[in-house]
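Participant: In the working numbering, the protein residues as written are 16 to 634.
For each residue, glycine too, the CB sits at the ideal point set by N, CA and C.
The structure displayed is predicted, hence computed values, not measured ones.
My questions all concern the structure below.
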């Protein structure tokens, strides 16, 4: 589907399409739930017929037989049938309840898989984020309407069958009673549709508030990493006030939903009162005039009562499955978000170092409330195959954004990006990802073995052990692993693995280096991975990375200009544009912004003996 500004809140898929989709899911992953839905129809119909017939049969038997023995056999038969049907209903209900958990787990897994596999740049689209939230709320628990949708649809078919069955019975008495009951049902439908539509249209606002509350309640409040700042800076009262304000907003939104529901329910009660009162009055009149016996009166009285209940159930079920269909449609639409990068066959990717070229590349980000803003202006440059370049500039200049565009994680809104002379869209997306090795500012280590964290694989058997050992040695991580009883098989993250270990900042840097070496990419990108190090240590680390990248195209990012002077070229970014480019000596000789920034940074080291010597060595 096309992503952009939403013009209206309308579902893409209709009810029958959503029914077919859910039954395909059930047939594929939990086939028994399909049969449960089918068996519930005759079981519920039989139970209703038995409930209708019991009073009339008993009363007729009492009038017909003078001995109790045949009546006792009839009672036992009815009790046995009622017990059997109740047992069947209970078993089917339990089976449906257990199967629904499997279905919701499958839907949640499918949604998470879709989020992880789709193009990264879609996460920046506010409309996509809204769709993600709708889909997540649709399957967040077994109480969601979308999860109950298949069984509700089955129940509605059962209600419709019983409606026609009991309607046929009542029509023998007088068709006007059936017409009266139906008219009372039809009157409620417009209000029910209005209530459902209004709730659907305002759902996104409630979702946004819930998302904020979930962050405060389940992420910030439960993550110990936030604990220090909350205590040291006395942020508890502020966060409590913020939570209370959001709770108040959400409560007001929910109250509007409940008030609409209450108004519809009150109107429905009034209609039912008039409708059923008229039907019962008609039946009592027939009995008083002697047109029916006691058994017939009980039979028709029970039929009217159940018929009225079926009509109420029909409205309720219809409202439920309509809401469920809307949620299923939201879920399906989110899975079908289209991207611009190929996931099928593309042209062959480069086998070694490759060139990267920007042709009027521009990136515009759309904020949810503040409109659009240009993160990267139209920019053009070319990095040759095997060239080592540095991206420098103040914070927010666009350095990290530029590298994400190179990797295909982001897609330019204007212009194009070429790898070895071919547009990114010509390649297979996943093969493009294999071309790059990235050490980001914010890294993520998985709660698996150190070996798997280096090889980035979900299969221990797929790791090249000789290559792994070589990368561990070159990165300087060998000493740490020799001190661990399980060596490279030691898992990380003690919260998940009690027998695991936690690495220090320096050890993590070595692991990231080993990961980069193991990948042996055609292009290495280092996005300020040494920002926490002092300038001398950072310079040494970058020089080591340069040596490792001799057979690759390399892009180094640093806010310390002196650390990247060894590169073939330096690109100075400013306010999302390319301000200057050249070697360190060329940029210093030009005397523009690069030189000013360099001099501002260097003055902090000139009064410190060790660093002054280092600066002199740098020229």
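In the DSSP assignment, find the alpha helix (DSSP H) that holds residue 164 and state where it starts and stops.
Facilitator: Taken as a continuous stretch (DSSP letters only), the alpha helix (DSSP H) holding residue 164 covers 160-188.
Participant: Among all the DSSP beta bridges, which residues are the ones paired with residue 145?
Facilitator: Beta-bridge pairing links residue 145 to no other residue.
Participant: By alpha-carbon positions, which one of 575, 395 and 396 ends up nearest to residue 615?
Facilitator: Answer by Cα proximity: 575.
Participant: Leaving out five residues before and five after residue 176 in sequence, what residues of the same chain have Cβ atoms less than 8 Å from its Cβ?
Facilitator: So the list reads 56 and 60, once near-sequence residues are dropped.
Participant: Alpha carbon to alpha carbon, what distance is there between residue 374 and residue 609?
Facilitator: Taking the straight line from one Cα to the other gives about 24 Å.
Participant: In angstroms, rounded to a whole number, what distance separates the CA positions of residue 10 and residue 93?
Facilitator: Limits of the chain in this structure are 16 at one end and 634 at the other, which puts residue 10 out of reach.
Participant: Where residue 216 and residue 224 are concerned, what is the direct C-alpha to C-alpha distance, given to the nearest angstrom?
Facilitator: Rounded to the nearest angstrom, the two C-alpha atoms are 15 Å apart.
Participant: I need the DSSP call for residue 584, collapsed to helix, strand or coil.
Facilitator: Residue 584: strand per DSSP, three-state reduction.
Participant: Reducing DSSP to helix, strand and coil, say where residue 568 ends up.
Facilitator: It is a strand residue.
Participant: Return helix, strand or coil for residue 316, following the three-state DSSP convention.
Facilitator: Helix, per DSSP.
Participant: Can you have a look at residue 618 and say buried or exposed, based on whether 16 or more other CB atoms are within 10 angstroms of its CB?
Facilitator: So residue 618 counts as exposed.
Participant: Is DSSP giving residue 410 helix, strand or coil here?
Facilitator: Of the three classes helix, strand and coil, the one that applies to residue 410 here is coil, per DSSP.
Participant: Sort out for me which residues DSSP pairs residue 247 with in a bridge.
Facilitator: DSSP lists no partner for residue 247.
Participant: Per DSSP, residue 538 is paired with what?
Facilitator: According to DSSP, residue 538 bridges with 451 and 568.
Participant: My assumption, with CB atoms under 8 Å, is that residue 431 sits in contact with residue 377. Please give the rounded CB distance.
Facilitator: No, residue 431 and residue 377 are not in contact; Cβ-Cβ is about 10 Å, not under 8 Å.
Participant: To the nearest angstrom, report how far apart residue 353 and residue 582 are at their CA atoms.
Facilitator: Cα-Cα distance, rounded: 39 Å.
Participant: Please list, in chain order, all residues of the same chain as residue 222 whose beta carbon is under 7 Å from its beta carbon, the five residues on each side excluded.
Facilitator: 148, 149 and 152.
Participant: May I have the straight-line CA-CA distance separating residue 29 from residue 465, to the nearest angstrom?
Facilitator: Straight-line Cα distance between these residues: approximately 49 Å.
Participant: Measuring straight from C-alpha to C-alpha, what distance separates residue 321 and residue 185?
Facilitator: Roughly 11 Å separates the two Cα atoms.
Participant: Who are the near neighbours of residue 509 in its chain, counting only those whose CB is closer than 8 Å to its CB and skipping five residues on each side?
Facilitator: The answer, listed in chain order, is 515, 516 and 517.
Participant: Can residue 469 and residue 450 be called in contact, C-beta distance under 8 Å?
Facilitator: No. Outside cutoff.
Participant: Counting only the same chain and skipping the five closest in sequence on each side, list residues whose C-beta sits under 8 Å from that of residue 605.
Facilitator: Taken in chain order, the residues that qualify are 595 and 597.
Participant: Within the segment 453-504, note down every full beta strand (DSSP E) run reaching 3 residues or more, in order along the chain.
Facilitator: Those beta strand (DSSP E) runs which fall completely within the segment 453-504 and span 3+ residues do not exist here.
Participant: Counting along the chain, where does the beta strand (DSSP E) carrying residue 433 start and finish?
Facilitator: Start and end: 429-434.
Participant: Could you give the residue range of the beta strand (DSSP E) that holds residue 594?
Facilitator: That run of the beta strand (DSSP E) goes 592-597.
Participant: Distance cutoff 8 Å, beta carbons only. Does residue 94 sit that close to anything in chain D?
Facilitator: In the displayed structure, chain D is absent; only one protein chain is listed.
Participant: Suppose you measure from the CA of residue 121 to the CA of residue 473; what does that come to, to the nearest Å?
Facilitator: Computed Cα separation, rounded: 20 Å.
Participant: Under 8 Å between the Cβ atoms of residue 365 and residue 479?
Facilitator: No, these two residues do not count as a Cβ contact at 8 Å.
Participant: How should residue 332 be labelled, buried or exposed, when 16 other C-beta atoms within 10 angstroms of its C-beta is the threshold for buried?
Facilitator: Answer is buried; the Cβ neighbour count reaches 16.
Participant: Look up residue 217 in the DSSP assignment and say whether it is helix, strand or coil.
Facilitator: Reduced to three states, the DSSP call for residue 217 is coil.
Participant: If you drop the 5 nearest sequence neighbours on each side, which residues of the same chain put their C-beta closer than 7 Å to that of residue 318?
Facilitator: Cβ neighbours of residue 318 beyond the five flanking positions: 67, 181, 184 and 185.
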